[in-house]
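Numbering (this note's numbering), first residue to last: 1 to 312. Positions of the beta carbon are idealized from the N, C-alpha and C atoms, including for glycine. Note sheet for the following structure.
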């Protein structure tokens with residue numbers, strides 16, 4: 001077989017379309033902080049956004065690298081744009097060294113942003129800032145890399161929720177000199193649950209390949225029906241979380257309820273399809289696509305809603 005020497009785009013290698021998973025909590029955490037303090041540091045916002053994007057880049061790239069090296073991507077027959085790795089390294093084997101460079105450079109850039117934030121953040125928040133960077137860098141590689149392999153030991157779902165929810169919202173708040181404020185604590189689960197929902201549906205699609213490769217996510221450990229029920233439960237928790245946050249914000253806080261619009265439009269269809277086809281990975285592509293639409297629209301409208309609460 002002739003090796004494909006073409007090069008995929010940088011956006012493909014870093015899986016840029018999924019950056020909504022990190023931009024939403026960074027923007028939401030920043031907006032909530034401005035609502036709390038009525039102050040905004042644009043330089044800190046720039047640094048924390050670049051920090052979040054580069055850490056997410058490292059996560060995406062390392063995930064593709066180690067899923068390929070460990071054989072998961074090669075045996076995944078049901079991979080699509082809504083689940084599994086990109087499969088780019090299988091298609092373009094010669095980009096592996098470049099993928100390593102992208103991941104390592106991304107971690108260095110995130111490190112430089114963290115150092116820069118030290119000049120803008122109160123000293124009392126430095127331990128939190130550095131703890132979040134170190135933990136994020138650890139998750140980015142060892143979600144799939146040996147010897148830790150969080151995704152293969154039943155910790156993948158928790159680490160995804162934690163990284164794209166509490167950690168991301170908190171680092172944005174810290175960059176604006178807000179720590180563990182009650183409103184920040186209340187908002188922490190939201191975006192992580194939204195990202196976790198993509199992982200759960202993806203696991204249903206990837207279940208045969210994950211089982212064969214020894215990637216013991218919840219779908220492999222507890223079965224497809226349990227995972228379908230868990231998906232439904234966490235999405236219901238997200239809806240309730242939004243309602244409580246709107247109530248706690250008071251005044252015009254009800255505006256953020258617009259982020260629940262995709263749940264009215266798509267969520268019942270996704271739940272119906274998942275419970276009907278949970279054990280048929282090939283038939284879940286449309287449900288996965290609808291679920292990604294829920295995530296994308298929810299993320300956008302949460303940010304827009306918070307911006308309107310701030311401005312009105």
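Where the alpha helix (DSSP H) through residue i begins and ends
i	result
residue 173	168-175
residue 15	Segment: none, residue 15 is in no alpha helix (DSSP H) and carries neither H nor E.
residue 113	96-118
residue 225	224-249
residue 130	126-142
residue 26	20-37
residue 198	189-213
residue 267	267-277
residue 157	156-162
residue 58	42-69
residue 361	Look at the range of the chain in this structure, 1 to 312, and you will see that residue 361 is not part of it.
residue 90	88-91
Pairwise C-alpha distance: residue j and residue i
i	j	result
residue 220	residue 245	34 Å
residue 325	residue 26	Residue 325 is absent from the structure shown; the chain starts at 1 and stops at 312.
residue 23	residue 308	17 Å
residue 273	residue 119	50 Å
residue 292	residue 117	32 Å
residue 282	residue 231	18 Å
residue 65	residue 147	15 Å
residue 52	residue 110	7 Å
residue 358	residue 209	Given a span of 1 to 312 for the chain in the structure shown, any question on residue 358 remains unanswerable.
residue 87	residue 312	45 Å
residue 32	residue 180	12 Å
residue 78	residue 138	Caution applies to residue 78, whose pLDDT of 48 falls short of 50 and renders its modelled position unreliable; the model cannot decide the point.
residue 203	residue 184	30 Å
residue 259	residue 149	34 Å
residue 43	residue 131	21 Å
Sub-7 Å separation of residue i and residue j beta-carbons
i	j	result
residue 89	residue 68	yes
residue 141	residue 62	yes
residue 290	residue 275	no
residue 287	residue 270	yes
residue 370	residue 48	As displayed, the chain neither begins before 1 nor continues past 312, which places residue 370 out of reach and without an answer.
residue 20	residue 197	no
residue 152	residue 215	yes
residue 165	residue 188	yes
residue 36	residue 218	no
Status (buried if at least 16 other CB within 10 Å, exposed otherwise) for residue i
i	result
residue 280	exposed
residue 206	buried
residue 314	The shown model of the chain, from 1 to 312, leaves out residue 314, and the question about it has no answer.
residue 9	exposed
residue 295	buried
residue 100	exposed
residue 15	buried
residue 38	exposed
residue 161	buried
residue 157	buried
residue 262	buried
residue 268	exposed
residue 29	buried
residue 190	buried
residue 133	buried
residue 169	buried
residue 213	buried
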